[in-house]
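Reading through the structure tokens given below for one structure.
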Amino acid sequence: MTLTKKSYVAKSVEKMRPSGIRKFFDLAATMEGVVSLGVGEPDFVTTWSVREAAINSLERGFTSYTANAGLIELRTEIARYMADRFRVSYSPQEEVIVTVGASQALDIAMRAIIDPGDEIIVVEPCFVSYAPLVELTGGHAVTIGTTGETGFKLQPEQLEAAITPRTKAVLLCYPNNPTGTQLDREDLEAIASIVKKHDLLVIADEIYAELAYDQSHTSIASLSGMRERTILINGFSKGFAMTGWRLGFTCAPEEISRAMLKIHQYTMMCASTPAQYAAVEALQNGMADVESMKKDYRQRRNYMVQSFKEIGLDCHLPGGAFYVFPSIQSTGLTSEQFAEALLLEEKVAVVPGSVFGKGGEGYIRCSYASSMSQLQEAIKRISRFLEKQKRSAV
Amino acid sequence: MKLNEKEVEILEILQKDARFEAVDIAKMIGTSETEVAETIRRLEEEKVIVHYATLVDWAKMDNFTGVTAMIDVKVTPKRGVGFDEVAERIYRFKEVSSVYLMSGVYDLSVTVEGQSMNEIARFVSEKLSTLDSVVSTTTHFQLKKYKHDGKIYASKREDNRIVVSP
Chain A
1 MTLTKKSYVA KSVEKMRPSG IRKFFDLAAT MEGVVSLGVG EPDFVTTWSV REAAINSLER
61 GFTSYTANAG LIELRTEIAR YMADRFRVSY SPQEEVIVTV GASQALDIAM RAIIDPGDEI
121 IVVEPCFVSY APLVELTGGH AVTIGTTGET GFKLQPEQLE AAITPRTKAV LLCYPNNPTG
181 TQLDREDLEA IASIVKKHDL LVIADEIYAE LAYDQSHTSI ASLSGMRERT ILINGFSKGF
241 AMTGWRLGFT CAPEEISRAM LKIHQYTMMC ASTPAQYAAV EALQNGMADV ESMKKDYRQR
301 RNYMVQSFKE IGLDCHLPGG AFYVFPSIQS TGLTSEQFAE ALLLEEKVAV VPGSVFGKGG
361 EGYIRCSYAS SMSQLQEAIK RISRFLEKQK RSAV
Chain B
1001 MKLNEKEVEI LEILQKDARF EAVDIAKMIG TSETEVAETI RRLEEEKVIV HYATLVDWAK
1061 MDNFTGVTAM IDVKVTPKRG VGFDEVAERI YRFKEVSSVY LMSGVYDLSV TVEGQSMNEI
1121 ARFVSEKLST LDSVVSTTTH FQLKKYKHDG KIYASKREDN RIVVSP
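Chains A and B, in that order, are what the protein sequence lines are.
Reminder that position 132 of the first sequence reads as 132 in our numbering, one-by-one numbering, no gaps.
Every position in the second sequence, counted from 1, becomes a number in our numbering once 1000 is added.
As structure tokens, then:
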């Protein structure tokens, strides 16, 4: 007699689809000599003075928990940094929470605001975890697809059309992963006025805020009337090249911060202590290094966009992050077919745009967080690949 | 000489890696190849770009015996020409790879490269300390080169990021 094996896994988790990125990782990981444009993290190693600050904190024996919300010293630095860089002011005591990466910040933000059935508007293409996180929390992700024609900028009328009486919040990520798109003040004003009209909340994932190349980043929380309805999410991973430290933070009005802190204290207690000491150093003395990395990224971005145009792939000039998002529609392949063939034939790893949701099909995400020599090699291979495609199409 | 932003950026790129070609630099800074080539030519002509060279880790070569010494030199400056005259007398020697005028307890920092310690010892005793204005010398031999001109020799760094990540 055979019994059907009982599944202990929760229904909500069972129906989650695994990230489409995983498939490419598994394939690429087995191959030798791959040039990867698939990496979503800086190629720079954390600045030595920052690493040294963590080592020093360990030597001095600072190995215990910190306050739930994080070291007050760090929260004070974060508040100062946010005020200096983005003209938003938050109380370090009541409105800043240090988290385990921006990922955990997103998690507590969602859990703090979502009641079952609440709708959260997610603007795609976007980071792969947004919609699953919303669903996991019992909310419903309502996705909007932006398009290449508008440079992947969210159009106010798209937002307006997606709003229902159940809409609670809009999740925005600019500069955007995977498109690199940046919204300027005008774009944000238009979105903010709709958000205010419908009395919604914004969860603004601004993890790439430091990496804005043509004009400095405008935080949506800095617009009039937005501070009280915005949860800002930021962190040290991208701008400060500290991905592995897992350190992020939230800035939000007191009531929401208190709610997030409740969840944070029961699920995380506090972020890693050595990482917090490192982050203090990063904010106090690390800005010059951020600027120097940014300069390199900017040069690489220009190089990639221009090179893609020259080898025949349409590519908009992204204002931030470290991704370019060229169109591969001229090849007649889907983004997944393109990425797979490119990996197998020329050993270049890119991520198909389709994994990032609506609007991503027909594009590939290419990270330029790699040395110039790697980028030059990648362009050479992609160019060869395109030539071959063209010949076989004839 | 006033340099504009583009010129400074070209110099910074070349200082990191002199082998970047004009066509790539043009893409990196958003200008034309001709403009970059022209700018580089002008900067070379004006000696803002002094020279292109290769950093070589000679210690990798079997049986390499070369040595480098840094010599602190105290000198008596001369009326009218200050330190320049004696500095020139020193940097003309082909063994000398660098000469700096320093603040502090000595005046000139002189780097000398030679095939052996003997050769450098001979240079110091016969050529350097016999110069009229040289009052004293202190010679330090380099034992190992860890970092030079911003580059770490024998760097152990490898890219251990995962190949594809969100």
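Just so it is clear, CB atoms sit at the ideal spot from N, CA and C, and this is done for glycine as well.
All figures in this text were calculated on a predicted structure; none of them were measured in a lab.
Q) Taking just the CA atoms, how far does B/Glu1033 sit from A/Ile113? A) Numbered from its first residue, the first sequence carries residue 113 of chain A at position 113. Numbered from its first residue, the second sequence carries residue 1033 of chain B at position 33. Taking the straight line from one Cα to the other gives about 53 Å.
Q. Quick one, which of A/Ala209, A/Thr331, A/Gln284, A/Gln306 has its alpha-carbon nearest A/Phe86's?
A. Along the first sequence, one-based indexing puts residue 86 of chain A at 86. Among A/Ala209, A/Thr331, A/Gln284, A/Gln306, the Cα nearest to that of A/Phe86 belongs to A/Ala209.
Q. Do the stretch 167 to 177 of chain A and the stretch 74 to 85 of chain A make contact, defined as three or more Cβ pairs closer than 8 Å?
A. no
Q) Quick one: is A/Ala271 near chain B, going by C-beta distance under 8 Å? A) Numbered from 1 along the first sequence, position 271 holds the residue referred to as residue 271 of chain A. Not one chain B Cβ lies under 8 Å of A/Ala271.
Q: Report the rounded CA-to-CA distance for A/Met16 versus A/Val142, giving the unit in angstroms.
A: As a working note, residue 16 of chain A is residue 16 in the first sequence. As a working note, residue 142 of chain A is residue 142 in the first sequence. Their Cα atoms are separated by approximately 15 Å.
Q. Counting only beta-carbon atoms, is A/Glu345 nearer than 8 Å to chain B?
A. By 1-based counting over the first sequence, the position of residue 345 of chain A is 345. Output row for A/Glu345: interface = no.
Q. How about A/Val88 and A/Ala221: do their beta carbons lie closer than 8 Å?
A. If you number the first sequence from 1, residue 88 of chain A lands on position 88. If you number the first sequence from 1, residue 221 of chain A lands on position 221. For A/Val88 and A/Ala221, yes; Cβs fall inside 8 Å.
Q.
Just verifying my parser: in three-state terms, what is the DSSP assignment at A/Glu124?
A. Position 124 of the first sequence, counted from the first residue, corresponds to residue 124 of chain A. Residue state, collapsed to three classes: strand.
Q.
Give me, in chain order, the residues of the same chain whose beta-carbon lies closer than 6 Å to that of A/Gln182; leave out the 5 immediate sequence neighbours on both sides.
A. In the first sequence, counting from the first residue as 1, residue 182 of chain A sits at position 182. Cβ neighbours of A/Gln182 beyond the five flanking positions: Tyr174, Pro175, Ala212, Gly319, Gly320.
**Q.** Straight-line gap, A/Ile256 to A/Gly33 (C-alpha atoms, nearest Å)
**A.** Locating residue 256 of chain A in the first sequence gives position 256, where the first residue counts as 1. Locating residue 33 of chain A in the first sequence gives position 33, where the first residue counts as 1. Distance between the alpha carbons of A/Ile256 and A/Gly33: 48 Å.
Q | Short CB-CB distance (under 8 Å) between B/Asp1149 and chain A | A | Taking the second sequence and counting its residues from 1, one reaches residue 1149 of chain B at position 149. False, the Cβ-Cβ gap to chain A never drops below 8 Å.
Q. By how many angstroms is the C-alpha of A/Pro116 removed from the C-alpha of A/Thr4?
A. Along the first sequence, one-based indexing puts residue 4 of chain A at 4. Along the first sequence, one-based indexing puts residue 116 of chain A at 116. Their Cα atoms are separated by approximately 31 Å.
Q. Rounded C-beta distance between A/Glu336 and A/Pro352? I'm assuming under 8 Å.
A. For the purposes of this step, residue 336 of chain A is taken as residue 336 along the first sequence, with counting starting at 1. For the purposes of this step, residue 352 of chain A is taken as residue 352 along the first sequence, with counting starting at 1. Confirmed, Cβ separation roughly 4 Å.
Q) So which residues on chain B does A/Thr21 lean against when the C-beta distance must stay under 8 Å? A) Here residue 21 of chain A is taken as the residue at index 21 of the first sequence, counted from 1. Just to set this straight, residue 21 of chain A is Ile in the shown sequence, not Thr. In chain order: Val1164, Ser1165, Pro1166.
Q | Alpha-carbon spacing of A/Tyr323 relative to A/Met304, whole angstroms | A | Within the first sequence, the letter at position 323 stands for residue 323 of chain A. Within the first sequence, the letter at position 304 stands for residue 304 of chain A. Looking at the two C-alpha atoms, the distance is approximately 9 Å.
Q) In terms of residue numbering, what span does the alpha helix (DSSP H) encompassing A/Gly101 cover? A) As a first step, residue 101 of chain A is located in the first sequence; it is residue number 101 there, counting from the start. First-last of the alpha helix (DSSP H) with A/Gly101: 101 to 113.
Q | chain A contact for B/Lys1156 (CB, 8 Å cutoff) | A | Residue mapping note: residue 1156 of chain B aligns to position 156 of the second sequence, counting from 1. Cβ-Cβ to chain A under 8 Å: no for B/Lys1156.
Q: Please classify B/Ser1103: does DSSP put it in a helix, a strand, or coil?
A: For the purposes of this step, residue 1103 of chain B is identified with residue 103 of the second sequence, where counting begins at 1. Reduced to three states, the DSSP call for B/Ser1103 is coil.
Q: Select from the stretch 39 to 59 of chain A all residues with a C-beta closer than 8 Å to any C-beta belonging to chain B, and list them in chain order.
A: Val39, Gly40, Glu41, Asp43, Val45
Q: Say whether the stretch 274 to 292 of chain A touches the stretch 35 to 43 of chain A, bearing in mind that this needs 3 or more beta-carbon pairs closer than 8 Å, one atom from each stretch.
A: no
Q | Whole-Å CB distance - A/Cys366 paired with A/Val350, under 8 Å assumed | A | If you number the first sequence from 1, residue 366 of chain A lands on position 366. If you number the first sequence from 1, residue 350 of chain A lands on position 350. With 8 Å as the limit, A/Cys366 and A/Val350 qualify as a contact, their Cβ atoms being about 5 Å apart.
(Q) So, for B/Ser1116: in the same chain, excluding its five sequence neighbours on each side, which residues have a beta-carbon less than 7 Å away from its beta-carbon? (A) On the second sequence, position 116 is the one that residue 1116 of chain B refers to. If we look at B/Ser1116 and ignore the five residues flanking it on each side, its Cβ neighbours are Thr1065, Val1067.
Q) So what's B/Ile1029 in DSSP terms, helix, strand or just coil? A) Taking the first residue of the second sequence as 1, we reach residue 1029 of chain B at position 29. If DSSP states are grouped into helix, strand and coil, B/Ile1029 belongs with the helices.
**Q.** Cross-chain neighbours of A/Gln306 in chain B, by beta carbon under 9 Å
**A.** Here residue 306 of chain A refers to the residue found at position 306 of the first sequence. Within chain B, the residues near A/Gln306 are Ala1026, Lys1027, Met1028, Gly1030.
Q. Would a C-beta distance cut-off of 8 Å place A/Thr331 and A/Gln389 closer than the cut-off?
A. Here residue 331 of chain A corresponds to residue number 331 of the first sequence, with the count starting at 1. Here residue 389 of chain A corresponds to residue number 389 of the first sequence, with the count starting at 1. Contact flag set, yes.
Q. Hey, is A/Tyr396's beta-carbon within less than 8 Å of any beta-carbon in chain B?
A. Not covered by the structure: residue 396 of chain A. The range shown for chain A is 1 to 394.
Q) In three-state terms, what does DSSP make of A/Arg85? A) The residue you call residue 85 of chain A lines up with position 85 of the first sequence. In this structure, A/Arg85 counts as helix in the three-state DSSP scheme.
(Q) Which residue wins for smallest C-alpha separation from A/Thr164, given the options A/Leu136, A/Ile121, A/Tyr130? (A) For this step, residue 164 of chain A is matched to residue 164 along the first sequence. A/Thr164 has its Cα closest to that of A/Ile121, out of A/Leu136, A/Ile121, A/Tyr130.
Q: Can you pull the chain B residues whose beta carbon is under 9 Å from the beta carbon of A/Phe127, in chain order?
A: The sequence position of residue 127 of chain A within the first sequence is 127, counting from 1. Under the 9 Å cutoff, chain B gives Pro1166.
Q: For A/Phe240, decide whether its Cβ has a neighbour in chain B, counting only Cβ atoms nearer than 8 Å.
A: Locating residue 240 of chain A in the first sequence gives position 240, counting from the first residue. With 8 Å as the cut-off, A/Phe240 does not count as an interface residue toward chain B.
Q. Measuring CA to CA, which of A/Gly225, A/Asp214, A/Thr273 is closest to A/Arg60?
A. Looking up residue 60 of chain A in the first sequence gives position 60. Out of A/Gly225, A/Asp214, A/Thr273, A/Thr273 has the C-alpha closest to the C-alpha of A/Arg60.
Q: Examine the Cβ distances between the stretch 1119 to 1137 of chain B and the stretch 133 to 153 of chain A and report whether three or more of them are shorter than 8 Å.
A: no
(Q) Does the stretch 288 to 304 of chain A come into contact with the stretch 1015 to 1030 of chain B, if we say contact requires no fewer than three beta-carbon pairs (one atom in each stretch) closer than 8 Å? (A) yes
Q. Looking at A/Gly70 and A/Val98, is the spacing between their C-beta atoms short of 8 Å?
A. For the purposes of this step, residue 98 of chain A is taken as residue 98 along the first sequence, with counting starting at 1. For the purposes of this step, residue 70 of chain A is taken as residue 70 along the first sequence, with counting starting at 1. Cβ distance < 8 Å, so A/Val98 and A/Gly70 count as in contact.
**Q.** Segment contact flag, the stretch 246 to 253 of chain A with the stretch 218 to 234 of chain A, C-beta cutoff 8 Å, min 3 pairs
**A.** yes
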